[in-house]
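Taking it in order: structure first as structure tokens, then the write-up.
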Amino acid sequence: MRWPCPGPPRSASGAAGRIPPAPAPSLCGRPLWSLVAAWLDILEPGSFLRRVPSCDGRGPCLRAEVIGVGTELLLGQIANTNAKHISTALATIGVDVLWHTAVGDNLGRIEEAVRTATGRSEAVIITGGLGPTSDDITAEGVAAATGRSLIRDDLLAARIRGFFESRGRAMAESNLKQADLPEGATPIEAEGTAPGFYVEHDDAVIFCLPGVPWEMDAMLAKTVLPVLRERSGDAVTVSRHVLTVGVGESAVAHAIADIVDAQTNPTIAFLAGGGVARVRLTAKAPDEARAEALIQPVEAAIRDRLGDAALEPGEDSVVGVFSSLARGHNLKVAAAESLTGGLLGANLTEAEGASDFFHGSLVCYSTEAKRAVAGVDPAILDEHGAVSAECAAALAEAAARRFGADVGVATTGVAGPAEQEGHAPGTIFVGAHLRGQTEARRVQGYGNRSNMRVIALNSALDLARRMIVDSSKP
Numbered sequence: 025m026r027w028p029c030p031g032p033p034r035s036a037s038g039a040a041g042r043i044p045p046a047p048a049p050s051l052c053g054r055p056l057w058s059l060v061a062a063w064l065d066i067l068e069p070g071s072f073l074r075r076v077p078s079c080d081g082r083g084p085c086l087r088a089e090v091i092g093v094g095t096e097l098l099l100g101q102i103a104n105t106n107a108k109h110i111s112t113a114l115a116t117i118g119v120d121v122l123w124h125t126a127v128g129d130n131l132g133r134i135e136e137a138v139r140t141a142t143g144r145s146e147a148v149i150i151t152g153g154l155g156p157t158s159d160d161i162t163a164e165g166v167a168a169a170t171g172r173s174l175i176r177d178d179l180l181a182a183r184i185r186g187f188f189e190s191r192g193r194a195m196a197e198s199n200l201k202q203a204d205l206p207e208g209a210t211p212i213e214a215e216g217t218a219p220g221f222y223v224e225h226d227d228a229v230i231f232c233l234p235g236v237p238w239e240m241d242a243m244l245a246k247t248v249l250p251v252l253r254e255r256s257g258d259a260v261t262v263s264r265h266v267l268t269v270g271v272g273e274s275a276v277a278h279a280i281a282d283i284v285d286a287q288t289n290p291t292i293a294f295l296a297g298g299g300v301a302r303v304r305l306t307a308k309a310p311d312e313a314r315a316e317a318l319i320q321p322v323e324a325a326i327r328d329r330l331g332d333a334a335l336e337p338g339e340d341s342v343v344g345v346f347s348s349l350a351r352g353h354n355l356k357v358a359a360a361e362s363l364t365g366g367l368l369g370a371n372l373t374e375a376e377g378a379s380d381f382f383h384g385s386l387v388c389y390s391t392e393a394k395r396a397v398a399g400v401d402p403a404i405l406d407e408h409g410a411v412s413a414e415c416a417a418a419l420a421e422a423a424a425r426r427f428g429a430d431v432g433v434a435t436t437g438v439a440g441p442a443e444q445e446g447h448a449p450g451t452i453f454v455g456a457h458l459r460g461q462t463e464a465r466r467v468q469g470y471g472n473r474s475n476m477r478v479i480a481l482n483s484a485l486d487l488a489r490r491m492i493v494d495s496s497k498p
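Residues in the sequence shown are numbered consecutively from 25, following this note's numbering.
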């Protein structure tokens with residue numbers, strides 16, 4: 025028997041935290057609809073509509089599970105980025121992802137995972153295991169879990185042959201196993217050679233997509249989201265983020281505690297990492313406009329409370345905020361990197377429209393490179409060392425000078441494990457230069473080397489961001 029998940033009450037208008045909501049009809053503290061659902065399941069299991077309340081208590085929705093197939097996931101050889109992308113996309117159409125599962129290339133365990141998922145979810149999205157090799161057995165696992173036979177789809181087989189012929193390549197016969205689908209399945213057009221498919225089973229729909237991210241993304245957008253949007257009803261979920269850099273998560277939470285306590289829709293959560301404390305606001309409503317309307321006043325209150333510590337809205341990363349700001353002010357940007365070793369340049373070039381503002385990056389990892397390549401004054405290195413505010417400032421100026429940029433950003437520091445120049449691991453200095461003005465700041469890093477580099481990246485861009493914002497004030 026499935027008891028619907030409990031959750032906090034909501035006001036009819038959605039303006040949570042202002043007017044106490046009227047209690048829903050209940051018996052012994054349980055909503056009447058939940059008692060009806062439970063008794064229907066007793067009389068006839070599965071008879072109650074599976075669009076039941078979600079575990080966040082916000083009303084009817086579809087529950088979803090994402091399954092990643094591949095032993096490489098369990099061995100930690102690759103990260104399951106597909107699960108992240110799928111969960112983000114499903115949230116936008118009001119589908120609640122309640123479980124992530126990873127399973128190896130084993131027929132019995134795939135079958136078990138699918139059976140479990142269809143027993144508790146209305147939408148199951150599986151990625152991986154659709155290739156032509158012997159360990160690609162997702163279709164077999166789904167067929168076994170749903171009691172179906174595998175049937176070769178002649179049209180798919182012809183398309184697979186055509187794919188190889190059009191590229192002048194010989195096709196191994198094993199590729200045709202990709203045309204073997206569970207009986208009754210609907211094919212999803214392939215972006216590569218691996219077609220996806222979806223199949224109805226009991227009250228659930230099972231989608232099988234390739235593990236290659238770009239192939240999966242295309243099928244998700246073209247097929248999975250439209251199909252599930254029809255089933256999920258009117259609800260949509262919208263999330264917005266307020267970012268701060270260099271402010272601890274606990275400090276941010278304390279500053280806005282009363283705002284958080286007053287809200288039920290949107291909900292407010294905190295995420296921290298890489299020197300960034302992120303406040304996430306998530307609202308569910310019949311459409312995006314109404315969800316945005318729920319978020320807007322709460323976000324405004326949070327930004328007002330945090331003041332200058334809150335980054336500008338519109339982006340969900342420090343790189344995104346800085347890039348938008350640089351483009352908006354028509355500024356040319358360059359970097360000189362020691363600690364980050366090219367990470368600044370790599371992240372800035374990933375930003376949309378990077379060629380409009382980013383000129384380039386110098387990687388000056390050794391002390392000699394700082395002197396010979398960046399042109400840092402030897403007196404600065406001799407007197408203050410390579411790990412210093414003075415060196416960070418000089419590197420920022422060098423970046424702007426060498427590339428003819430308006431803005432120069434720089435990083436230097438000690439990622440460890442050993443000390444350098446008497447500085448402990450986690451000692452970070454960042455610098456920023458803007459049209460004749462230069463600033464530098466010391467930042468405390470933590471975690472492993474990778475995390476320290478991300479902290480340096482975000483801190484350097486935040487310093488430059490603050491200088492740009494301050495320069496534009498009257």
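Heads up, the beta-carbon is just placed ideally off N, CA and C, and yes, glycines get one too.
Source: prediction; values computed, not measured.
### Query
With contact counted as at least three CB pairs below 8 Å, one residue from each stretch, are the region 261 to 275 and the region 132 to 141 in contact?
Result no; under three Cβ-Cβ pairs closer than 8 Å.
### Message
Run through the DSSP bridge pairs and tell me what T288 is partnered with.
### Response
Looking at the DSSP assignment, T288 forms no beta bridge with any residue, so it has no partner.
### Task
Would you identify the three-state DSSP class for S499, choosing helix, strand or coil?
In the structure as shown, the chain starts at 25 and stops at 498, and residue 499 therefore has no counterpart that could be examined.
### Task
Using only alpha-carbon positions, find the residue among A456, L458, V411 that is nearest to E443.
Ranking A456, L458, V411 by Cα distance to E443 puts V411 first.
### Task
Counting only runs of 4+ residues fully inside the region 79 to 134, write out the alpha helix (DSSP H) ranges in chain order.
The region 79 to 134 contains these whole alpha helix (DSSP H) runs: 95 to 98, 105 to 116.
### Task
Pick out whichever of E215, A203, D178 has its Cα sitting closest to the Cα of T247.
Answer by Cα proximity: E215.
### Query
Just checking, does the region 484 to 491 make contact with the region 454 to 472 on the three C-beta pairs under 8 Å criterion?
Touching, yes, given that three or more Cβ pairs across the two stretches are closer than 8 Å.
### Message
Does H353 come out as helix, strand or coil in the three-state DSSP assignment?
### Response
In the three-state reduction of the DSSP assignment, H353 falls in the coil class.
### Query
So what's P206 in DSSP terms, helix, strand or just coil?
Note: P206 maps to strand in three-state DSSP.
### Query
Is D129 closer than 7 Å to T151 when the C-beta atoms are compared?
No, they are not a contact pair.
### Message
If I follow the unbroken beta strand (DSSP E) through Q461, where does it start and stop?
### Response
Here the beta strand (DSSP E) through Q461 covers 461 to 468.
### Message
Can you look up V342 in the DSSP assignment and give me helix, strand or coil?
### Response
Helix.
### Task
Establish whether the CB of A293 and some CB of chain D are separated by less than 7 Å.
Going by chain labels, chain D is absent from the structure shown, which holds only one protein chain.
### Query
What is the DSSP secondary structure of L330, reduced to helix, strand or coil?
DSSP places L330 in helix when its eight states are reduced to three.
### Query
Alpha carbon to alpha carbon, how far is G92 from D204?
Cα-Cα distance, rounded: 20 Å.
#### Entry: I175 versus E239 - alpha carbon distance
So the alpha carbons of these two residues sit roughly 23 Å apart.
### Query
What are the boundary residues of the beta strand (DSSP E) that includes L233?
From DSSP, the beta strand (DSSP E) with L233 extends over 228 to 233.
### Query
Hey, quick one: how far does the alpha helix (DSSP H) through T373 stretch, first residue to last?
Unbroken alpha helix (DSSP H) run through T373: 367 to 374.
### Message
Out of Y470, D430, V262, L267, which one is the CA nearest neighbour of S111?
### Response
Of the candidates Y470, D430, V262, L267, the one whose C-alpha sits nearest the C-alpha of S111 is V262.
### Query
Which residues mark the beginning and the end of the beta strand (DSSP E) in which S198 is found?
That residue, S198, is in no beta strand (DSSP E); it is neither H nor E in DSSP.
### Task
Please list, in chain order, all residues of the same chain as I319 whose beta carbon is under 6 Å from its beta carbon, the five residues on each side excluded.
For I319, same chain residues with a beta-carbon under 6 Å away, outside a window of 5 residues either side, are R264, P290, L305, A307 in chain order.
### Query
Going by C-alpha distance, which of G297, P441, E323, T373 is nearest A359?
Ranking G297, P441, E323, T373 by Cα distance to A359 puts T373 first.
#### Entry: Length of the line joining the Cα atoms of S495 and L349
Pairing S495 with L349, the inter-Cα distance amounts to about 12 Å.
### Task
Compute the Euclidean distance between the alpha carbons of V269 and R191, then round it to the nearest angstrom.
A direct Cα-Cα distance of roughly 50 Å separates V269 from R191.
### Task
Output the distance between the C-alpha atoms of V76 and L86, rounded to the nearest integer angstrom.
Note that V76 scores 39 on pLDDT, short of 50, meaning its location in the model is unreliable and no value can be drawn from it.
### Message
Is it buried or exposed, Q461, if we count other Cβ atoms within 10 angstroms and call 16 or more buried?
### Response
Counting the other CB atoms within 10 Å of its CB gives Q461 a total below 16, which places it among the exposed residues.
### Task
Ignore the nearest five residues each way along the sequence and tell me which others in I117's own chain have a CB closer than 7 Å to its CB.
Cβ contact annotation for I117 (same chain, cutoff 7 Å, sequence separation greater than five): L249, L252, R253, S256, V260, in chain order.
### Query
Terminal residues of the continuous beta strand (DSSP E) containing S263?
DSSP places S263 inside the beta strand (DSSP E), whose first and last residues are 260 to 269.
### Task
Let me know the secondary structure DSSP gives A410 once reduced to three states.
If DSSP states are grouped into helix, strand and coil, A410 belongs with coil.
### Message
Out of A434, V266, K394, which one is the CA nearest neighbour of P337?
### Response
Nearest in C-alpha terms to P337, of all of A434, V266, K394, is V266.
### Query
Just checking my contact of A424 with G432 at CB under 8 Å: how many whole Å lie between their CB atoms?
Your pair A424 and G432 checks out as a contact, with CB atoms roughly 3 Å apart and the cut at 8 Å.
### Query
What is the DSSP secondary structure of A156, reduced to helix, strand or coil?
This sequence places Pro at residue 156; Ala is not what is there. In the structure shown, P156 sits in coil (DSSP, three-state: anything other than H, G, I, E or B).
### Message
Measuring straight from C-alpha to C-alpha, what distance separates S145 and G153?
### Response
Rounded to the nearest angstrom, the two C-alpha atoms are 21 Å apart.
### Task
Assign Y470 to one of two classes, buried (16 or more other C-beta atoms within 10 Å of its C-beta) or exposed (fewer than that).
It counts as exposed.
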